[in-house]
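In order, the protein sequence lines correspond to chains P and D. Residue numbers for the first sequence, in this note's numbering: 3 to 115. Residue numbers for the second sequence, in this note's numbering: -9 to 104. Below is one structure, written out as structure tokens; the observations come after it.
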Amino acid sequence: AQSVTQLGSHVSVSEGALVLLRCNYSSSVPPYLFWYVQYPNQGLQLLLKYTSAATLVKGINGFEAEFKKSETSFHLTKPSAHMSDAAEYFCAAFPGPDDKIIFGKGTRLHILP
Amino acid sequence: DTEVTQTPKHLVMGMTNKKSLKCEQHMGHRAMYWYKQKAKKPPELMFVYSYEKLSINESVPSRFSPECPNSSLLNLHLHALQPEDSALYLCASSQDDRPAGELFFGEGSRLTVL
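What follows is the structure in structure tokens.
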């Protein structure tokens, strides 16, 4: 069965430092992949998505992610963290039509002043 | 601003009450979803409606009763809930008429069952 693993339930970075949130998926067929962000007391918002068009995907708020088939990874990065980036981040995989999206357990990003 | 609107934002109810959560979207999306999210956990799928018909029920207890009156509205009727049902209930929609990965979420309704 398809699964999504996010390494680290909590990640802390200093303001201005690189953000790296890790996500690995398990599948012999690369699924569609997504990163969602959830700010406190809000719903989830799509940050970016991979749908096989390009391996480097740019999203909102300066985030990007790179799909690496050989590593079955889809890590999320941002060159310079901002205090407003503090939130919960969910990696998700969508195997295909007539299936349902599978969320990772989430990573809480803390930004240190 | 989210284009999926959920009301109420907060709801407190007793175990014998009957209440409803409401969700509305005006993006012309064909599929609508209910998710349940407990603290520090990812969302868990409850129901999916496609073209106003229930297409997925993730073995949700009957004390939760979904309803899709039209393509823009989705309700979740609540009756005889348990304290463990306290959670954030998220509505979402997607453009495709089948379950999809790109979901548009509302801000959620935070439910507390006493």
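Just so it is clear, CB atoms sit at the ideal spot from N, CA and C, and this is done for glycine as well.
Query - Where T109/P falls, given that 16 or more other Cβ within 10 Å makes a residue buried - result: buried
Query raised in the report: Going along the segment 31 to 58 of chain D in order, which residues come within less than 9 Å of chain P, judged by CB to CB distance?
Result: K31, P32, P33, E34, L35, V38, I46 and E48
Query raised in the report: With distances taken from CA atoms, which of V21/P, P33/P and A19/P is nearest S75/P?
Result: The candidate whose alpha carbon is nearest that of S75/P is P33/P.
Report task. Return the bridge partner residues of L89/P from the DSSP annotation. Result -> It should be pointed out that residue 89/P corresponds to Ala in this sequence rather than to Leu. DSSP output for A89/P lists L111/P as bridge partner(s).
Query raised in the report: the segment 42 to 70 of chain P: which residues have C-beta closer than 8 Å to a C-beta of chain D, in chain order?
Result: N43, Q44, G45, L46, Q47, L48 and K51
Query raised in the report: How about S16/P and L114/P: are their beta carbons less than 8 Å apart?
Result: Yes, the pair counts as a contact, with Cβ atoms nearer than the cut-off.
Report task. Report the option in K26/D, E(-7)/D and H0/D whose CA atom is closest to the CA atom of G18/D. Result -> E(-7)/D
Query raised in the report: So, using beta-carbon positions, are L48/P and Y38/P closer together than 8 Å?
Result: yes
Report task. Keeping to the same chain, check which residues put their C-beta closer than 7 Å to that of G98/D; ignore five residues upstream and five downstream. Result -> Q(-4), L78, Y79 and L80
Query raised in the report: Pick from A70/D, V103/D and C13/D: whose alpha carbon is nearest that of F94/D?
Result: C13/D
**Report entry** Sufficient close CB pairs (3 or more, under 8 Å) joining the segment 89 to 97 of chain P to the segment 58 to 68 of chain D
**Finding:** Judged by Cβ distances under 8 Å, the segment 89 to 97 of chain P makes no contact with the segment 58 to 68 of chain D, as fewer than three pairs qualify.
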